[in-house]
Amino acid sequence: MSAGVTGSTSTTESDLLLYVAHLDVGYGDTQVLWDVGMEVRRGEVVAMVGANGAGKSTLLTALSGLLPAWGGQVTFEGQDIARARAEHIAALGLIHVPQGRRLFAGLTVEDNLRLGAYTRRAGTERGIHEDLDRVYALFPKLRERRKQVAGLMSGGEQQMCAIGRGLMGRPALLLIDELSLGLAPIVVDDILAALDTIQKREQLSVLLVEQDVQIALERAHRGYVIENGRIVIQGSANELLHSPAVRAAYLGE
Amino acid sequence: MQPIVDWLLLGSFYAAVALGFSLVWGIMNIINLAHGVFIITGAYIAYQVATNLHLSPFLALFFSMGMLFALGWIIQYGIINRVIRGPLLVTFLLTFGLELLLTDTLQNLFTSDNRFINSTIEGAGINLGSAHISLVRFISAAIAIVLTAALAAFLSRTRLGNAILATGMDRDAARLMGIDIRQIYALTFAISAALAGAAGALLGQMQAFYPTRGELFTLRSFAIVVLGGLGTPWAVVAGGMVFAFIETFLPVVLPRVGVGYENAVAFAVFVIVLLVRPTGLFGKAFYSQ
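Top to bottom, those sequences are chains A and B.
Note that the numbering used here gives residue 148 to position 132 of the first sequence, counting from 1, and the numbers run on in steps of one.
Note that the numbering used here gives residue 1447 to position 108 of the second sequence, counting from 1, and the numbers run on in steps of one.
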C-alpha cells in the first residue's frame, strides 16, 4: 500500500482514505441523500447505521460509482471519484460488497473469486493464486465448495464468497452492505471474526453498513447515524453505543 | 440410414446458425432480429472472397468471421450500447431497423439474384452403407461443432469468457468487479456476429441465398434457442438437432402431410416445449434473466 497522498502536507490528511463532503444523490427525480459528509481513515473500521430506507445502501452505491452523484465531493486516495465510473473505482481499490451478495449465481465459487481479481492483468496468475489461498485460509468452507455453483450455497456461505470476492480485488477500502441480513447470529459471528483477522493483519479499512446497530458499533472505531438521507449523529463507536439517542432509536431502550 | 445422416448434419449446421443468437440473447437479453442478415452478409463475403481471390470457401469463412466481428463490434459499441438499459422493445425495434438497413444494403450491392458458392469439393463424398455423406456438409457440420466447443471453452475457462457470463448474470455486480460492461457487450455482440459470419460461409456452399433470405434464419434461430434453452452453447446444438429432426423426419413419417409443413410442426413443438419447460430442453439455471 502506498503511503501518503501526493502533495499532502499533514499526516492527518495522508491518513485520510475516503473523504466525502456535501454529497447529494438520488434516483430519477427523487433525492435520497442530502449534504452527506463523512470520512474513513487508513486501517479504520467505520459503521454507518440507520433504519431501513435511511439511505445507507444508496450511499454505498454512490461511493462505488454505480449511481452517479448529483453534487458534492468524493475523494479516494486523493483522487476525485465523484463522477468516475464503477469499473474505474473498483480498479482503484475501493471495493463494494453489495447488499444481497449479488454473486454470479451460475458460476462456481472459485470463478466468482477469480472475477474479484478481474482488474489485475494477465501474467499475475501467481498473485491470484496466493490471494485465493489467503481467502480459503480465511474461509475454509469456501475451499471445500470451490467447484460448487455459487447460487446453490447457503446464505452464510454466499456471504463468505461475496466478501472473499471483494478481498480478491486487493481493496484498500471494503464497503460491506448488510453483512448480517438474513443470516443466523452464529454465522454472522464467524464471518465477522474472519473479517476482523484480515482487517487487523492487513490494515484494511472497512465501511460497515448495518441495520443491526449493535453488531456494527461493537466492531467499529467510529460510526455515523443516518436518518432520512442525512447524517444526524457521528462519533466514536463507544460514544454512539452509549448515546441515549442511539439506544432509544435503534437498540430498543 | 440416409435420413439419420441428413438429420445429424443439418442439426449441426443449425447449431452454427443459432449459436450467436443464443449468446446475445442470454448475455444481453436482446432478441437480435438482424441475426439472419448477419448470416447472409457472411455468405456474401465468403462468396466474394472465394470467387475473387480463388480461395477455398472454407478459408473464406475466416474472412467472413473477421469482417462480421468488426461489424458487430461497431454496431454494439456505437449504437446498441446507447439503449442497452432500455426496455426489451427498444432493442427489438432497433435490431429490426438494422435488419432492414442491412438487407437493403445487400440488395443494392449484390441485387436480389440467387447466389451459390461453388465449392472445389462439390459432389465429393463418402458412401456409408446405403447413405451418402456429402463432404461439404460433413466439413460444415464439423466446423459447427468445433465452433460450439470453442465458444463453450472460451466462456467457461477464460477470464474474459467468465466476465461475459458474469455480465449476463448481474451487470451491476460485474461493474463492481471492475468489468467494463460496454466493452464486454461489444465483444459479445462481435463474437455473435462472427459466428453468424461463419454460418453464412457454410450456408452459401449448401444452398442458394439472396438478401432477404436472412429472415428465415432469424426465425429458425429463435425456435432453435427456445427449444434448446439458454445458458450453454451445447443447448444450441440440442435445439438444432430437435429442429432438424422434425424437418428431416416429418416428410419420411408422414409423406403426404410432411412437405412444406416442417416449419408449422417445428413451431408447434416449440410452443409445447415453452408450455412444459419454459427454460428450454437443456437450459441451465441462473443464466440470463
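Just so it is clear, CB atoms sit at the ideal spot from N, CA and C, and this is done for glycine as well.
Name the chain A residues whose beta carbon is nearer than 7 Å to that of residue i?
i, result
"B:R1514", "L82, A102, E103"
I'd like to know if residue i contacts chain B, where contact means its C-beta is closer than 9 Å to some C-beta of that chain.
i, result
"A:Y134", "yes"
"A:P114", "yes"
"A:T22", "In this prediction, A:T22 scores a pLDDT of 40, lower than 50, which makes its location untrustworthy; no coordinate-derived value is stated."
"A:L119", "yes"
"A:D147", "no"
"A:R181", "yes"
"A:D205", "no"
"A:I111", "yes"
"A:G44", "no"
"A:D127", "yes"
"A:G302", "No answer is possible for residue 302 of chain A: it lies beyond the span of chain A, which begins at 17 and ends at 269."
"A:G185", "yes"
"A:S26", "Any answer about A:S26 is weak, because its pLDDT of 44 lies below 50 and its placement is not dependable; what the coordinates show is given next. Output row for A:S26: interface = no."
Any beta carbon of chain A sitting closer than 9 Å to that of residue i?
i, result
"B:M1367", "no"
"B:I1520", "yes"
Would you decide whether residue i is buried or exposed? Buried here means 16 or more other CB atoms lie within 10 Å of its CB.
i, result
"A:Y266", "buried"
"B:N1501", "buried"
"A:K163", "exposed"
"B:Y1383", "buried"
"A:Y43", "exposed"
"A:R217", "exposed"
"B:M1580", "buried"
"B:I1378", "buried"
"A:M169", "buried"
"B:Q1446", "exposed"
"B:I1343", "exposed"
"B:R1454", "buried"
"B:G1436", "exposed"
"A:E234", "exposed"
"B:V1475", "buried"
"A:T74", "buried"
"A:E60", "buried"
Under 7 Å Cβ-Cβ, which residues of chain B neighbour residue i?
i, result
"A:A107", "G1517"
List, in order along the chain, the chain B residues whose C-beta lies closer than 8 Å to that of residue i?
i, result
"A:R130", "R1498, N1501"
"A:G171", "Residues of chain B passing the Cβ test: none, with the nearest at roughly 16 Å."
Identify the contact partners of residue i in chain A, using a Cβ-Cβ distance below 9 Å as the criterion.
i, result
"B:D1452", "Correct list: empty, because the minimum Cβ distance to chain A is about 46 Å."
"B:D1511", "T77, L82, A102, P114, R118"
Looking at the ligand FAD, does it come within less than 8 Å of residue i, judged from the CB to the closest heavy atom?
i, result
"B:S1469", "What this structure holds is no ligand at all, so the ligand FAD is not there to describe."
Next item on the list: Report the residues of the segment 1490–1503 of chain B with a CB closer than 9 Å to any CB of chain A, ordered along the chain.
Entry: S1495, R1498, N1501, A1502
Next item on the list: Kindly provide the ranges of any beta strand (DSSP E) runs that are 3 or more residues long and lie completely inside the segment 1459–1535 of chain B, ordered along the chain.
Entry: 1464–1467, 1470–1473
Check: Which whole runs of the beta strand (DSSP E) in the segment 201–229 of chain A are 3 residues long or more, in chain order?
Finding: 221–226
Item checked: Contained alpha helix (DSSP H) runs [length at least 4] in the segment 139–212 of chain A, N- to C-terminal order -> 141–154, 156–160, 171–183
Note to self: Extract the residue ranges of the alpha helix (DSSP H) inside the segment 34–70 of chain A, only unbroken runs of 4 or more that lie entirely within it.
What the structure shows: none
Next item on the list: Starting from the N-terminal side, write out each stretch of the alpha helix (DSSP H) that is 4 residues or longer and does not extend beyond the segment 1404–1449 of chain B.
Entry: 1427–1449
Note to self: Which runs of the alpha helix (DSSP H) at least 4 residues long sit entirely within the segment 66–96 of chain A? Give them in chain order.
What the structure shows: 72–79
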